[in-house]
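Right, one structure below, let's go through it.
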Amino acid sequence: MATQAERSVFSTRRRRPIAEFEEPPAAVQAFHAQLPLYAPTPLMSLQTLARALGEAFAAAARVPQGVCVQDTSMEGYDGRLLA
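Start counting the sequence shown at 81; every next residue gets the next number (my numbering).
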């Protein structure tokens with residue numbers, strides 16, 4: 081368990097936000113390209129990756145127009161057959 085002094089250090093610490101960049105600096109790209117294991121993978125910022133993942137999940141969650149989604153929950157079902 082943290083002491084009062086430890087808690088105050090953590091609660092008053094100011095954190096700088098991570099600067100957003102669309103493309104890694106040239107030096108990072110050159111170093112990345114030299115590594116054969118990582119060379120084929122694209123470099124991108126965490127913000128760009130998070131945005132791309134969010135858009136992919138949002139697109140997957142959308143139901144196309146005219147598609148019937150069946151509610152499979154049993155909530156409110158009293159045992160009668162539905163006609």
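For glycine and all other residues, C-beta sits at the position ideal for the given N, C-alpha and C.
- Secondary structure at residue 133: helix, using DSSP grouped into helix, strand and coil.
- In the same chain as residue 114, and ignoring 5 residues on each side of it, no C-beta atom comes closer than 8 Å to its own.
- Here DSSP, grouped into helix, strand and coil, assigns residue 126 to helix.
- Counting only residues of its own chain and dropping the five nearest sequence neighbours on each side, residue 104 has a CB closer than 8 Å to the CB of 112, 123, 124, 125.
- Each residue's CA atom was taken as its position, placing residue 142 and residue 135 some 11 Å apart.
- Take the alpha-carbon of residue 116 and the one of residue 109: they are about 13 Å apart.
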